[in-house]
Amino acid sequence: MKLQTTAETISFVKELEEKSAKFYEDVFRKYSKDEDVLLTFAGENKKYFTQIQRAYYSVISDAIEGCYAFKLNSDDYEFETALAEDATYSDALAKAIEIEEKILDFYHVAADQSMSLMADVPRNFKIVAKKRKNRIPTLESLG
Amino acid sequence: MAILEEPVKGVPKIKNYVDGEWVESKGEVMDVVNPLTCETIAQVGISTREEIDDAIQAAKEAYVDWRRTPPVARCRYLLRLGQLLEENFEELSRVQTQEHGKTIDESRGETRRGIENVEVACGIPTLMQGASAEDIASGIDEYLMRVPLGVFGIISPFNFPFMIPLWSAPYAVATGNTVVIKPTEQCPISQSKLAELVDEAGFPPGVWNVVNGEKTVVNGMLEHPDIKGITFVGSTPTGRDVIFPKCGATGKRSIVQCGASNMMVVMPDCNVRGTVPALMTSFFGNAGQRCLAGQNLIVVGEDDGFYNEFMEAVTATAKEIIIGNGLDESVQMGPVKDVQKKERILGYIESGLKDGATLRLDGRKPNVVGGYPDTCFLGPTIMENVRPEMRVVTEEIFGPTMGVIRAKDLDEAIQICNDNPYHNADAIFTSSGKDARKFQYEVNCGSIGINIGIVAPMAFFPFSGMSGSFYGILHTQGKEAVRFFTESKVCIHRWI
Numbered sequence: 001m002k003l004q005t006t007a008e009t010i011s012f013v014k015e016l017e018e019k020s021a022k023f024y025e026d027v028f029r030k031y032s033k034d035e036d037v038l039l040t041f042a043g044e045n046k047k048y049f050t051q052i053q054r055a056y057y058s059v060i061s062d063a064i065e066g067c068y069a070f071k072l073n074s075d076d077y078e079f080e081t082a083l084a085e086d087a088t089y090s091d092a093l094a095k096a097i098e099i100e101e102k103i104l105d106f107y108h109v110a111a112d113q114s115m116s117l118m119a120d121v122p123r124n125f126k127i128v129a130k131k132r133k134n135r136i137p138t139l140e141s142l143g
Numbered sequence: 001m002a003i004l005e006e007p008v009k010g011v012p013k014i015k016n017y018v019d020g021e022w023v024e025s026k027g028e029v030m031d032v033v034n035p036l037t038c039e040t041i042a043q044v045g046i047s048t049r050e051e052i053d054d055a056i057q058a059a060k061e062a063y064v065d066w067r068r069t070p071p072v073a074r075c076r077y078l079l080r081l082g083q084l085l086e087e088n089f090e091e092l093s094r095v096q097t098q099e100h101g102k103t104i105d106e107s108r109g110e111t112r113r114g115i116e117n118v119e120v121a122c123g124i125p126t127l128m129q130g131a132s133a134e135d136i137a138s139g140i141d142e143y144l145m146r147v148p149l150g151v152f153g154i155i156s157p158f159n160f161p162f163m164i165p166l167w168s169a170p171y172a173v174a175t176g177n178t179v180v181i182k183p184t185e186q187c188p189i190s191q192s193k194l195a196e197l198v199d200e201a202g203f204p205p206g207v208w209n210v211v212n213g214e215k216t217v218v219n220g221m222l223e224h225p226d227i228k229g230i231t232f233v234g235s236t237p238t239g240r241d242v243i244f245p246k247c248g249a250t251g252k253r254s255i256v257q258c259g260a261s262n263m264m265v266v267m268p269d270c271n272v273r274g275t276v277p278a279l280m281t282s283f284f285g286n287a288g289q290r291c292l293a294g295q296n297l298i299v300v301g302e303d304d305g306f307y308n309e310f311m312e313a314v315t316a317t318a319k320e321i322i323i324g325n326g327l328d329e330s331v332q333m334g335p336v337k338d339v340q341k342k343e344r345i346l347g348y349i350e351s352g353l354k355d356g357a358t359l360r361l362d363g364r365k366p367n368v369v370g371g372y373p374d375t376c377f378l379g380p381t382i383m384e385n386v387r388p389e390m391r392v393v394t395e396e397i398f399g400p401t402m403g404v405i406r407a408k409d410l411d412e413a414i415q416i417c418n419d420n421p422y423h424n425a426d427a428i429f430t431s432s433g434k435d436a437r438k439f440q441y442e443v444n445c446g447s448i449g450i451n452i453g454i455v456a457p458m459a460f461f462p463f464s465g466m467s468g469s470f471y472g473i474l475h476t477q478g479k480e481a482v483r484f485f486t487e488s489k490v491c492i493h494r495w496i
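So the protein sequences, as listed, match chains Y and D.
The opening position of the first sequence corresponds to residue 1 in my numbering, with each subsequent residue numbered one higher.
The opening position of the second sequence corresponds to residue 1 in my numbering, with each subsequent residue numbered one higher.
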């Protein structure tokens, strides 16, 4: 599905963050390992969305191109969160890295597209992207 | 994407807010219609002369204590209001979409810009400071104070039902005046919600009053000796022929912000990728119903290659605009406010065609997503071969139309801008600083955009405008509003 308006893009951010937070919660529930990392990540996701939503509400203006700020396709950033019955903890971590890379890609593209249109929103996309990028080595070190 | 929930349920009766009380009008009742569905979502009373007189009296009485309240204490009420506006941000935005039709991004933008005026007015302890000079003669000092005047009337239009009264009201009350707001009778819910928050913020009764209605309320304000000034935003005929002269005749100060037929000038060296979305927002944002909207696109240069390529990009994007329910987050353009406005816009399109314009994109039969009736909908319409003397250029259309004019060079484009009867906001799209500077210097209008399609001044700048689009001296917003709502009182003193 096309994402063109800022409103729908922010709602998509919420969807991405909630979906990946639930994934981390499910992984912890299933394997009971690395609680401090997995549940911290899940909690951070909610904060990231709040941070981005707050930036959006602070800068949205009828005068800038809020309805034309993005040319994204949500299908490009969809990810599967279900794990196979016999999936190992390493499989789950590999999927987590895959999800993080997908979300990172989304934030980079969204930031580039809206750079001159949405003021603080792309800056916050980049801040969140940077924080998420740091998760990958952490995930690689687990297991 | 899911459709956001509508905040207005049932068919509430919108009351006046006078002297800190909610009062049902004794006048006739009018339906408030959601242009998306054409269903009645509220009813509003059309107030009588007696009711507006009562509100002015309440405001006059409240002024006595309010002007003695220290500015820093007055601005604490505004700080509380600002906090409440933030807490109710989403509901306020959805109300605008429901009663007006605009998209949720546009409504949230309107809410934000309204709140920004409250924030700027919170600086009043500094903003309304005067000046002083010691020893203007030996042992004699002189100082200037900015003092409030009394009761002000605020008359607002339908296109920004939440924001526009906030260009004036926060500055008026922050400087120690009291206000009576007449919202548009077509979209009165936003101001009613705002008044609920004013009430919750604890403003003293009578400082902030809202009286719904039509001409009787406006005339009541204009003729009342206790109204010291009026701010008005609306059409040029009403502003120029009614509000401005009547304010003059009764000794009221006035800010009269009127219509527009804005020019967007595109140079061949513009950044096409950045220009096209800016033009979409300018021409089709708020379904073209704003005094800062682009109405005319002037493409400069005799190079048909650039012209065709550029118009191809503009048309292709305009054609794809998603039209429908503003509470659907994917929608980029909502309906116009009512059938009469749609008919008026259609009349202008017919007039353009009759005068020789041709349709590049016909928005008269739009594709509305979601199965809503197309009663109030129009799609983006692009007319080419438009000439500056046509009615579609010399009159305000206030709809999602783009009339394309070609100019051989920048000088001709500037001439077209300056010859137009309106001078509100014109813009140039170029990568040349030299051309941008020439445009900014030579075009006579209130706001100039350089690679900006909607030249909406921030709350800390005046909402400017010039002849045809504005009558008065000072403008709403920021420091000019502070000047407007205060009188300069000079004191010279000597102690022997």
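Where is the CB? At the ideal position from N, CA and C, for every residue including glycine.
So which residues of chain D does Y:Gln-4 contact, with C-beta pairs closer than 8 Å? Position 4 of the first sequence, counted from the start, is the residue given in the question as residue 4 of chain Y. What Y:Gln-4 touches in chain D: Ile-322, Ser-330 and Gln-332.
So the beta strand (DSSP E) D:Leu-359 belongs to, where does it begin and stop? Locating residue 359 of chain D in the second sequence gives position 359, where the first residue counts as 1. Residues 358-361.
Mind listing the chain Y neighbours of D:Phe-461? Cutoff is C-beta to C-beta under 8 Å, in chain order. Here residue 461 of chain D refers to the residue found at position 461 of the second sequence. Those do not exist, as D:Phe-461 stays about 12 Å from chain Y at its closest Cβ, beyond 8 Å.
Out of D:Gln-415, D:Lys-215 and D:Asp-105, state which residue places its alpha-carbon closest to the alpha-carbon of D:Gly-334. Numbered from its first residue, the second sequence carries residue 334 of chain D at position 334. Checked all of D:Gln-415, D:Lys-215 and D:Asp-105; the closest Cα to D:Gly-334 is D:Asp-105.
Just tell me which of D:Thr-486, D:Arg-494 and D:Cys-491 has its CA closest to the CA of D:Pro-553. No answer is possible for residue 553 of chain D: the residues shown for chain D start at 1 and end at 496.
Could you give the C-beta distance for D:Met-267 and D:Ser-282, rounded to a whole number, given that I count them as a contact under 8 Å? Counted from its first residue, the second sequence places residue 267 of chain D at position 267. Counted from its first residue, the second sequence places residue 282 of chain D at position 282. Contact flag wrong, Cβ pair sits at about 16 Å.
CB-CB length for D:Gly-352 against D:Val-386, believed under 8 Å: If you number the second sequence from 1, residue 352 of chain D lands on position 352. If you number the second sequence from 1, residue 386 of chain D lands on position 386. About 7 Å separates the two Cβ atoms, so the contact holds.
Just how far apart, CA to CA, sit D:Glu-39 and D:Lys-182? Looking up residue 39 of chain D in the second sequence gives position 39. Looking up residue 182 of chain D in the second sequence gives position 182. D:Glu-39 and D:Lys-182: Cα-Cα distance of roughly 23 Å.
State the beta-bridge partners of Y:Ala-111 as determined by DSSP. Residue mapping note: residue 111 of chain Y aligns to position 111 of the first sequence, counting from 1. None, per the DSSP bridge assignment.
How big is the Cα-Cα spacing for D:Phe-203 and D:Thr-375? The count along the second sequence starts at 1 and reaches residue 203 of chain D at position 203. The count along the second sequence starts at 1 and reaches residue 375 of chain D at position 375. The straight-line gap from Cα to Cα measures roughly 41 Å.
Simplified DSSP assignment, three categories, for Y:Arg-135: As a working note, residue 135 of chain Y is residue 135 in the first sequence. Three-state DSSP puts Y:Arg-135 in a helix.
For D:Pro-161, the nearest candidate out of D:Lys-408, D:Gly-139, D:Glu-134 and D:Arg-108 (CA to CA): Taking the second sequence and counting its residues from 1, the one referred to as residue 161 of chain D is at position 161. Closest by alpha carbon: D:Arg-108.
Listed by chain order, chain D residues near Y:Ser-61 by CB distance under 8 Å: Taking the first residue of the first sequence as position 1, residue 61 of chain Y is located at position 61. Under the 8 Å cutoff, chain D gives Gly-109, Arg-112, Arg-113 and Ala-456.
Using a Cβ-Cβ cutoff of 9 Å, what residues of the region 106-118 of chain Y are near chain D? List them in chain order. Ser-116 and Leu-117
Ends of the alpha helix (DSSP H) at D:Ile-115? For this step, residue 115 of chain D is matched to residue 115 along the second sequence. Looking at the DSSP string, the run of the alpha helix (DSSP H) that includes D:Ile-115 is 104-121.
Measuring only between beta-carbons, confirm whether D:Met-128 sits less than 8 Å from chain Y. Position 128 of the second sequence holds residue 128 of chain D. Not closer than 8 Å to any Cβ of chain Y, the Cβ of D:Met-128 fails to qualify, so no.
Member of D:Ile-52, D:Gln-415, D:Asn-16 and D:Ala-318 whose CA lies at the smallest distance from the CA of D:Leu-378: On the second sequence, residue 378 of chain D is found 378 positions in, with the first residue counted as 1. Nearest option by C-alpha distance: D:Ala-318.
Quick one: which chain D residues come within Cβ less than 9 Å of Y:Ala-94? Residue 94 of chain Y sits at position 94 when you count from the first residue of the first sequence. Those within 9 Å of Y:Ala-94 in chain D number zero; the least Cβ separation is about 31 Å.
For D:Trp-208, write down the residues that DSSP places opposite it in a beta bridge. Your numbering for residue 208 of chain D matches position 208 in the second sequence. Its beta-bridge partners are D:Val-179.
Using the Cα positions of D:Gly-370 and Y:Leu-117, report the straight-line distance between them to the nearest angstrom. Counting from 1 along the second sequence, the entry for residue 370 of chain D is found at position 370. Counting from 1 along the first sequence, the entry for residue 117 of chain Y is found at position 117. Looking at the two C-alpha atoms, the distance is approximately 28 Å.
Could you confirm whether any beta carbon from chain D is found closer than 8 Å to the beta carbon of Y:Glu-8? Position 8 of the first sequence, counting from 1, holds the residue named residue 8 of chain Y. Chain D, which has a Cβ nearer than 8 Å to the Cβ of Y:Glu-8, makes this yes.
For D:Val-72, count the other beta carbons within 10 Å of its own beta carbon; 16 or more makes it buried, fewer makes it exposed. Which is it? By one-based count along the second sequence, residue 72 of chain D stands at place 72. It is exposed - the Cβ of D:Val-72 has fewer than 16 other Cβ atoms within 10 Å.
Own chain, CB closer than 7 Å to D:Phe-306, minus 5 neighbours either side, in chain order: Residue numbering aside, residue 306 of chain D sits at position 306 when the second sequence is read from its first letter. If we look at D:Phe-306 and ignore the five residues flanking it on each side, its Cβ neighbours are Pro-268.
Cβ neighbour criterion (16 or more within 10 Å) applied to D:Cys-417: Counting from 1 along the second sequence, the entry for residue 417 of chain D is found at position 417. Buried, by the Cβ-count rule.
Out of D:Leu-279, D:Gly-347 and D:Ile-349, which has the shortest C-alpha to C-alpha gap to D:Ile-503? Look at the range of chain D in this structure, 1 to 496, and you will see that residue 503 of chain D is not part of it.
Per DSSP, what kind of secondary structure is D:Gln-129 in: helix, strand or coil? If you number the second sequence from 1, residue 129 of chain D lands on position 129. If DSSP states are grouped into helix, strand and coil, D:Gln-129 belongs with coil.
Restricting to Cα atoms, I'd like to know which of D:Ala-133, D:Phe-284, D:Asp-53 and D:Thr-381 is closest to Y:Ala-63. For this step, residue 63 of chain Y is matched to residue 63 along the first sequence. For Y:Ala-63, the nearest C-alpha among the options comes from D:Phe-284.
CB-CB under 7 Å to D:Leu-127, same chain, minus the five flanking residues each way: which ones, in chain order? Here residue 127 of chain D refers to the residue found at position 127 when the second sequence is read from its first residue. Cβ within range, chain order: Lys-479 and Val-482.
Extent of the continuous beta strand (DSSP E) to which D:Leu-92 belongs: The sequence position of residue 92 of chain D within the second sequence is 92, counting from 1. Note, D:Leu-92: premise wrong, no beta strand (DSSP E); alpha helix (DSSP H) at 89-100.
Report the three-state DSSP secondary structure of D:Ala-42 (helix, strand or coil). For the purposes of this step, residue 42 of chain D is taken as the residue at position 42 of the second sequence. If DSSP states are grouped into helix, strand and coil, D:Ala-42 belongs with the strands.
For Y:Glu-17, which residues in chain D fall below 7 Å Cβ to Cβ? Here the question's residue 17 of chain Y lines up with position 17 in the first sequence. None at all; the shortest Cβ gap to chain D is about 16 Å.
Delimiting residues of the alpha helix (DSSP H) encompassing D:Ser-192: Residue numbering aside, residue 192 of chain D sits at position 192 when the second sequence is read from its first letter. Note, D:Ser-192: alpha helix (DSSP H), 189-201.
Cutting at 8 Å between CB atoms, please list the residues of its own chain near Y:Asp-75, excluding the five before and the five after it. Here residue 75 of chain Y refers to the residue found at position 75 of the first sequence. Answer for Y:Asp-75: Met-1, listed in chain order.
Neighbour-count burial assignment, D:Lys-256, 16 or more Cβ in a 10 Å radius: Translated into the one-based positions of the second sequence, residue 256 of chain D becomes position 256. For the record, residue 256 of chain D in the displayed sequence is Val; it is not Lys. The residue is buried, with at least 16 neighbouring Cβ atoms inside 10 Å.
Using only CA atoms, which one of D:Ile-140, D:Gln-477 and D:Pro-170 lies nearest to D:Leu-79? Within the second sequence, numbered from 1, the residue matching residue 79 of chain D stands at position 79. Out of D:Ile-140, D:Gln-477 and D:Pro-170, D:Pro-170 has the C-alpha closest to the C-alpha of D:Leu-79.
Any contact between the region 186-195 of chain D and the region 235-255 of chain D? By contact I mean 3 or more CB pairs, one from each, below 8 Å. no
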